[in-house]
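Start counting the sequence shown at 1; every next residue gets the next number (the UniProt record's numbering). The block underneath contains the structure these notes are about, expressed in structure tokens.
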Amino acid sequence: MKRITQTLEFFCELLKGENKRTLASYLKAAYGNKLAEIYSDFHTKKINEDAEIAAAVQEVLKLINIDQIKKERFQNANITLYEFLSELQQITKRQNAQVNEFIRIINSKDKRLENIAAVTSIGAIGILTLSPVLLNNLPMIEALLGSAIFFPVVGLVYTIATGLYTLYQSVFDFKTPVMQRFTDNFFLSASTALNVAAYSVLISAAVSVNPVAAILFVAASSVDVLKESFNLIKLKLTSPERKINPDDSLADKQEKARADFEYKKARNNLFIALGGAGAMVGIIAVWSFIPGGIFLSVAAVAAIGAVYLAKTLLNKYSENRLKEELEQTFEKYEQEEAAKGTKPTLDTSLEMAPMREGHSLIDGLLLDAKSTAAAGSTPALRAQVKSPAHTQVSASKVGMFSHSEGSAAKAVIDLTPSNDNTGHNEPIPDQLPVSVKKQ
């Protein structure tokens, strides 16, 4: 059995209250310090990619106290296990402690992985600093740390480290189609190479105004724009129809809603990439044409780093907002579907006698009670037959019916005459107004 399946089964035991062990201790024992494997299991594996995972997911859904109609949205969903847990957290309004804890632990593992990458980058700088080759040049190193090229050096090391780590993740992500991995790695390599070249030029030029570095930074931003444009076009060509028709089934509406979510996410990422490229052009323009010396150069390099950080944060914010919108869309369609199943219906097992002239259907439904009782039938009607003195039927209770002279209306009525004060049943008249309760 797969480790991720075993993890989901343990989570089911927690939901049932059958295991006193904490989820954190279980994940520690199951994965150890293999943070990359945790990331792979929860951020790349789909909930319906094989029978074992799908069965475990259905068991989790069975144990979560949510409406059955909400569970159906996951039957054909092409989402990862982390996205599945995130949607569960939204459905439960963050009131399920086990789901909240699961999300918190995964996020903490992801954060730890990012911290390790950052520490590795800093460590690489430290190793270079303390290497035997440079030990005899400590004055030069001190000058480097205090000089303006320190920021380009840090940017260079960080770009190389993050680029290699992302490339490593992509190469060993066998769940992603080969063509998608190829295109992702192509854009990643191009962007990383351009940024490395730009930082190298800055270091060699001692952060003076350099048109070559400026062009390289703008080119790296343009690669991001091309990547997001490519993803958006691919979604338009390969994703299912996003337009929802009134006669679509609930499953079709949910599938189209997810496709629309992915499209909007790619569209917003493109807009953010365009904004980042525009900001980069502005920074380079200020840097190139406004004299400011070393301080302006350092500020420009810091601003470039701020642009990349802002792009990351905006992408995350956009995705979270779209997830909230997707949840609202799901709830809307599920409420509409639930409303369809609660419309009252009339049982046509009993035929009503023709209306007599002068009687109004709003005042009551007329039933040939004697002929029905004489026939020995057992009507399935739900309305209590009362004596004429006790009968009060409102138009809102009866509802809207279409009836013409000589036609027969149909309803569901319980032919149980009410007792008078003496405890004897009153005789049933030939035709008697009755009150009809909505089923």
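A virtual CB, placed ideally from N, CA and C, is assigned to each residue, including glycine. What you are looking at is a predicted structure, and each value in this text was computed from that prediction instead of being measured.
Through-space distance from residue j to residue i, alpha-carbon basis
i: Y168; j: T329; result: 37 Å
i: S200; j: L235; result: 36 Å
i: E87; j: V286; result: 44 Å
i: G163; j: S221; result: 15 Å
i: M280; j: T5; result: 45 Å
i: K28; j: C12; result: 18 Å
i: K264; j: I284; result: 30 Å
i: A190; j: K316; result: 23 Å
i: L270; j: Q254; result: 24 Å
i: L85; j: N195; result: 36 Å
i: I160; j: G305; result: 14 Å
i: A198; j: L314; result: 24 Å
i: R94; j: N100; result: 6 Å
i: F182; j: A273; result: 21 Å
i: Y308; j: G276; result: 7 Å
i: T192; j: T92; result: 41 Å
i: R21; j: T7; result: 13 Å
i: G406; j: P246; result: Its pLDDT being 40, under 50, G406 is placed unreliably in this model, and the value from its coordinates should be taken loosely. Going from the Cα of G406 to the Cα of P246 covers about 38 Å.
i: K62; j: A97; result: 16 Å
i: L296; j: P152; result: 14 Å
i: Q180; j: E18; result: 42 Å
i: R3; j: K109; result: 17 Å
i: I290; j: V301; result: 15 Å
i: I38; j: V60; result: 19 Å
i: R73; j: F217; result: 43 Å
i: Y158; j: T312; result: 15 Å
i: A251; j: I244; result: 11 Å
i: I66; j: K16; result: 15 Å
i: F230; j: V223; result: 10 Å
i: Q58; j: K71; result: 8 Å
i: K438; j: Q75; result: At K438 the pLDDT is 42, less than 50, meaning the model places this residue with poor confidence and gives no usable figure here.
i: A36; j: V178; result: 20 Å
i: G32; j: E52; result: 23 Å
i: V298; j: I215; result: 17 Å
i: L226; j: L237; result: 16 Å
i: I64; j: K340; result: 24 Å
i: E331; j: E324; result: 11 Å
i: G278; j: A310; result: 13 Å
Residues near residue i in its chain [Cβ-Cβ closer than 6 Å; skip 5 each side]
i: N48; result: A54
i: F261; result: L322, L326
i: V212; result: V201
i: G155; result: Y199
i: I103; result: L85, Q89
i: A219; result: L194
i: A303; result: I283
i: E228; result: N269, L270, A273
i: Y26; result: F10
Residue i (DSSP reduced to helix, strand or coil)
i: T92; result: coil
i: K20; result: coil
i: residue 440; result: One cannot answer for residue 440 here, as it falls past the ends of the chain, which runs 1 to 439.
i: K34; result: coil
i: K46; result: strand
i: K2; result: coil
i: T7; result: helix
Residues near residue i by beta carbon distance below 7 Å, same chain, minus five either side
i: I69; result: E334, E337, A338
i: Y82; result: F42, H43, I106
i: D50; result: none
i: E9; result: A56
i: E319; result: K265
i: L14; result: L23, Q98
i: R242; result: K256, A259, D260, Y263
Cut-off 8 Å between Cβ atoms - residues of its own chain near residue i, not counting five sequence neighbours on either side
i: R267; result: L232
i: L188; result: G163, T166, L167, S170
i: D248; result: K256
i: S239; result: A259, E262, Y263
Contact belief for residue i with residue j at Cβ below 8 Å, rounded distance in angstroms
i: S204; j: D184; result: Wrong, their Cβ atoms sit about 31 Å apart, outside the cutoff.
i: K34; j: T80; result: Contact flag wrong, Cβ pair sits at about 18 Å.
i: A77; j: R258; result: 6 Å
Residue i Cβ short of 7 Å to the ligand ZN heavy atom set
i: L14; result: The ligand ZN is absent from the structure shown, which contains no ligand whatsoever.
In chain order, which alpha helix (DSSP H) runs of at least 4 residues are fully inside the region 180–231? none
Please go through the region 228–299 and give each complete alpha helix (DSSP H) segment of 4 or more residues, from N-terminal end onward. Those alpha helix (DSSP H) runs which fall completely within the region 228–299 and span 4+ residues are 250–289.
Just list the alpha helix (DSSP H) runs in the region 53–110, keeping only unbroken ones of 4 residues or longer that don't cross its boundaries, in chain order. 68–71, 81–91
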